[in-house]
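In the numbering used here, the protein residues as written are 533 to 846.
In structure tokens:
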């Protein structure tokens with residue numbers, strides 16, 4: 533089916549430092565949870581596509597890992613994933629959050645990102661997130677400061693968590709994209725397979741329940757995704773969970789001490805992670821889920837290219 537006249541379409545990348553709200557914004561734009569969210573930095577490890585389709589146009593947003601000082605193979609992979617995404621899109625959305633101090637300043641990390649974006653020469657928006665935590669009097673000085681650093685095509689203040697300004701941002705993005713037909717089918721939301729999302733939902737609960745270094749030394753691999761009993765039984769009321777999906781997944785850590793923490797005393801931590809992950813996965817899949825979690829030790833997996841590839845970071 534052809535797109536209507538004056539229809540616009542294209543790609544936009546969400547770029548920024550860790551924990552500035554890129555994944556929260558992607559979820560707000562799409563209206564669905566396709567990227568996991570936590571208060572810990574470096575939650576996103578891969579690029580994630582979220583497609584928003586409206587009568588006037590279609591935008592394919594790409595969520596990316598936070599750009600940080602890369603130490604180790606996994607961190608270098610994450611940073612290169614983000615920078616490569618910026619090279620491939622029509623438009624870059626550079627997200628920042630309000631600075632901690634009273635006087636606005638461009639942090640060294642954000643200045644480094646702007647230098648890389650300057651070399652790309654892509655149309656770039658400054659998206660100031662978390663404005664619900666910023667006094668109104670501080671917004672204009674912050675905008676003026678960043679405009680002296682980079683020739684932004686637009687500046688859009690938002691609160692992704694409160695969904696304030698998200699529709700305005702979408703319309704501004706659409707206005708800067710070229711006219712053209714839809715790139716993806718009208719009903720496409722993301723390129724993430726269900727199996728991949730299940731692994732991410734499990735990792736989200738590790739991030740939520742475990743502290744210190746544990747989340748950053750953890751990866752999840754779905755070993756079994758058995759849908760043979762997925763179809764609901766006849767007579768299942770509409771809107772209720774039906775059928776059964778059997779899932780087995782491995783949580784990988786780098787040391788035996790980390791394995792012990794995730795399992796917890798008498799297995800309580802692993803049980804809590806599994807219970808909360810199963811609830812999220814059932815909402816995603818619309819079926820009852822049997823979830824079997826195992827914790828495995830893979831020494832220095834985040835430093836070894838063969839292990840990174842095995843765990844999906846290639």
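Ideal Cβ placement from N, Cα and C applies to all residues, glycine included.
Source: prediction; values computed, not measured.
Item                                                                                                                            : Value
Cβ contact (3+ pairs, closer than 8 Å) linking the stretch 607 to 621 and the stretch 560 to 580                                : yes
Near the ligand ATP: residue 659 beta-carbon under 6 Å from a heavy atom                                                        : In the structure on display, the ligand ATP does not appear, and there are no ligands present to speak of.
Inter-residue spacing [alpha-carbon to alpha-carbon] between residue 702 and residue 631                                        : 24 Å
Cutoff 6 Å; reference residue 812; Cβ partners in own chain excluding five residues on either side                              : 733
Separation of residue 634 from residue 781, as counted between CA atoms                                                         : 46 Å
Segments assigned alpha helix (DSSP H), at least 4 residues, entirely inside the stretch 625 to 711                             : 640 to 652, 668 to 679 and 698 to 707
Segment contact flag, the stretch 720 to 732 with the stretch 787 to 806, C-beta cutoff 8 Å, min 3 pairs                        : no
Residue range of the beta strand (DSSP E) that includes residue 759                                                             : 751 to 761
Cut-off 8 Å between Cβ atoms - residues of its own chain near residue 835, not counting five sequence neighbours on either side : 604, 605 and 606
Residue 779 beta carbon less than 7 Å from that of residue 819                                                                  : no
For residue 828: DSSP bridge partner residues                                                                                   : 784
Given 8 Å, three or more beta-carbon pairs between the stretch 705 to 716 and the stretch 584 to 598                            : yes
Exposure of residue 651, with buried meaning 16 or more beta-carbon neighbours within 10 Å                                      : exposed
Simplified DSSP assignment, three categories, for residue 544                                                                   : strand
Short Cβ contact (7 Å threshold) for residue 495 with residue 550                                                               : Here the chain covers residues 533 to 846 and nothing more, so residue 495 does not appear.
Burial state of residue 555 (16 or more Cβ within 10 Å)                                                                         : buried
Sequence-distant residues of the same chain with beta carbon closer than 7 Å to residue 537, five excluded per side             : none
Residue 542 and residue 622 closer than 7 Å at C-beta                                                                           : yes
Buried versus exposed call for residue 595 [16 or more other C-beta atoms within 10 Å across all chains shown]                  : buried
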